[in-house]
Amino acid sequence: MNKTKLILLALNCIKENREPSLTEQSKIYVFYRTEICDKNISVDKFMLSLNTDLIEQSKQTLVANLIYKYICKSKEKKHA
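The numbering of the sequence shown is my numbering, which starts it at 101 and goes up by one.
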């Protein structure tokens with residue numbers, strides 16, 4: 101998974117008014133491990149690097165919040 105696919109996953113969840121499935125949460129966890137944790141990037145720094153400019157303005161905050169929520173859950177899971 102890359103950042104674009106992560107954003108698309110979040111958009112789909114928002115469009116369908118649902119939380120990510122367990123499979124999607126696993127994908128987010130793997131993304132966290134490979135793209136954030138293993139590269140020693142903070143969650144905040146990663147969030148700042150997300151480019152949500154192509155998303156309609158009304159959904160940018162929703163997308164960012166959903167991604168942040170599940171990246172933080174992944175971080176907690178890894179450090180538990």
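The beta-carbon is built from N, C-alpha and C at its ideal position, and this holds for glycine as well.
- Between the alpha carbons of K115 and I136 lies a gap of roughly 26 Å.
- Between Y132 and I171, the gap from beta carbon to beta carbon is short of 8 Å.
- DSSP, read as helix, strand or coil, puts E135 in helix.
- K173 is the residue among K173, H179 and A180 whose C-alpha sits nearest the C-alpha of E124.
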